[in-house]
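If you count the sequence shown from 1, you need to add 555 to reach the numbering used here. Backbone N, C-alpha and C fix where the C-beta goes; we use that ideal spot for every residue, glycine too. A short write-up of the structure that comes next.
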Amino acid sequence: MITGVGGQGTLLASRILGRLAISAGYDVKVSEVHGMSQRGGSVVTYVRYGKKVSSPIIDLGGADVLLAFESLEAYRYLPYLKAGGRLIVNTQHMMPMPVVTGAAKYPAGIEEEMAGKARTTLVDALALAKEAGETRSVNVALLGVLAQSLEFSHEAWRDALKATVKPAFLAANEKAFELGYGLKEE
């Protein structure tokens, strides 16, 4: 399950992962829930792959991995992660409208709370994207982190990137992927 805020590239990330799984011979189902994505709202994509996949939807407690492009979105969708599942969270905070207007406060301590509930990797993916030269490559930096724990080869990931990312953005995204892939688990 991939979650984030509109404009963070969740849809591109799901397409890369879907293409990767298809190229490895898996049956793949991808479903996107946009919500108010164009206004900074929540975006969720489900990517399921296996020998035979009947439905793209992931039920509560059914996700092997929750890849979150924003901390509050990770917290919101944590119930979908199965016991023993893997949580990868970008530590970047994108303020929702109620916080921006002063009607609410961004919850404190959610990263620590999530770390107590799941196998969690916290990543400053924005810093990795900046280092790669393209702040919009946060999504691909996070895929690099994810790639460490999936069974696909490094070369298969690179091929999926080349087949999915526009040529003008490929070099920065490849660099962001490598920076994420090179992070050491804590």
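Check	Outcome
Residue 717 - partner residues in DSSP beta bridges	In DSSP, residue 717 forms no bridge with anything.
Spatial neighbours of residue 582 in its chain, beta-carbon cut-off 7 angstroms, leaving aside the 5 residues before and after	604, 605, 606, 607 and 608
CA-to-CA distance, residue 688 to residue 728, given in whole angstroms	9 angstroms
CB-CB length for residue 559 against residue 625, believed under 8 angstroms	5 angstroms
Residue 716 beta carbon less than 8 angstroms from that of residue 696	no
Continuous beta strand (DSSP E) stretch holding residue 601: start and end	597-605
Three-state class that DSSP yields for residue 735 in the structure shown	helix
Alpha carbon of residue 569 to alpha carbon of residue 657, nearest angstrom	33 angstroms
Span separating the alpha-carbon of residue 655 from that of residue 556	27 angstroms
Contact set for residue 692: own chain, Cβ-Cβ below 6 angstroms, skip 5 residues either direction	684, 727, 728 and 731
Cβ-based burial, residue 573 [other Cβ within 10 Å; buried from 16]	buried
Extent of the continuous alpha helix (DSSP H) to which residue 625 belongs	Where residue 625 is concerned, there is no enclosing alpha helix (DSSP H), given that its DSSP letter is neither H nor E.
Ordered list of beta strand (DSSP E) runs contained in the stretch 635-699, each at least 3 residues	636-645 and 674-678
Secondary structure of residue 592, DSSP reduced to three states	Confidence in residue 592 is poor, its pLDDT being 49 and thus under 50, which makes the residue's placement too unreliable to answer from.
Three-state secondary structure assigned by DSSP to residue 573	helix
Inter-residue CB distance, residue 735 and residue 677 (contact presumed, cutoff 8 angstroms)	That belief does not hold up - the Cβ atoms of residue 735 and residue 677 are roughly 13 angstroms apart, past 8 angstroms.
Alpha-carbon to alpha-carbon, residue 623 and residue 634	13 angstroms
Contacts around residue 617, its chain only, beta-carbon distance under 8 angstroms, and the 5 residues preceding and following it disregarded	635 and 637
Bounding residues of the beta strand (DSSP E) (the contiguous stretch that carries residue 608)	Counting along the chain, residue 608 falls outside any beta strand (DSSP E), and DSSP gives it neither H nor E.
Pairwise C-alpha distance: residue 681 and residue 737	15 angstroms
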